[in-house]
Amino acid sequence: MSLPRIITQIVLQGTTIVGKAFVEAWREVAASASVNDAARAATAGGPKANAMTRQTGMSFEEATMILHVDKESPSPEEVLKRYEQLFKVNAPAREGGQGSFYLQSKVFRAKERIDMELAEREKLEI
1 MSLPRIITQI VLQGTTIVGK AFVEAWREVA ASASVNDAAR AATAGGPKAN AMTRQTGMSF
61 EEATMILHVD KESPSPEEVL KRYEQLFKVN APAREGGQGS FYLQSKVFRA KERIDMELAE
121 REKLEI
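This is how it looks when you write it as structure tokens:
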């Protein structure tokens, strides 16, 4: 056998092996992605909850933790009371607060997210 023929066979076999490995890896990634997407949608409350989370940048669970309200059935009055209290505490120093615009923004987004969730629940009950 000649040297060029041996080198050609080695290159072809190597390319075949690497190509098959890439195809198999691609299949595994695609299967994993579809399973993860389905699981994420199921645990997050479906597409509607995902849309609200994307819109506010915050999940319902995170919002209830920020405002420290009941996850199962937060009352609008309780949400408003906690919102006003936390918003006032984090107001700029000249307005009597501690001056954290970042925390004020988080409190505002938390209230917004909970209000969206409560409106959606109310729509479903009607």
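Numbering (UniProt numbering), first residue to last: 1 to 126. Just so you know, even glycine gets a beta-carbon here, dropped at the ideal spot from N, CA and C.
The C-alpha of V89 lies about 37 Å from the C-alpha of I126. In this structure, A63 places its C-beta atom within 8 Å of the C-beta atom of A110. Of the residues assessed, Y83 falls on the buried side of the cut-off, its CB having 16 or more other CB atoms within 10 angstroms.
It is roughly 49 Å from the alpha-carbon of P76 to the alpha-carbon of A25. Nearest in C-alpha terms to I114, of all of Q85, D70 and S100, is D70. About 7 Å separates the Cβ atoms of F87 and F108, confirming a contact at the 8 Å cut-off. For the pair R54 and F60, the Cα-to-Cα distance works out to about 11 Å.
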